[in-house]
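Below: one structure, written as structure tokens.
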Amino acid sequence: MAIRKIRLDSDPILRKKSREIDEVNDRMLVLLDDMV
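Numbering-wise, the sequence shown is residues 197 to 232 according to the working numbering.
Here it is as structure tokens:
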């Protein structure tokens with residue numbers, strides 16, 4: 197499990213629209229695993 201920066205609700209990055217995911221790859225699975 198990686199150490200990741202916690203984003204607070206005042207962080208402008210949380211207001212940006214995310215891009216659509218075309219496929220779920222290994223990198224995406226690791227990110228999801230770290231978030232849970």
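Built from N, CA and C at the ideal position, the CB exists for glycine as well.
Find out if the Cβ-Cβ distance for the pair residue i, residue j is shorter than 7 angstroms.
i       : j       : result
Asp-230 : Ala-198 : yes
Leu-210 : Arg-203 : yes
Using three-state DSSP, classify residue i as helix, strand or coil.
i       : result
Ile-209 : helix
Looking at the unbroken alpha helix (DSSP H) that takes in residue i, where does it start and where does it end?
i       : result
Arg-223 : 222 to 231
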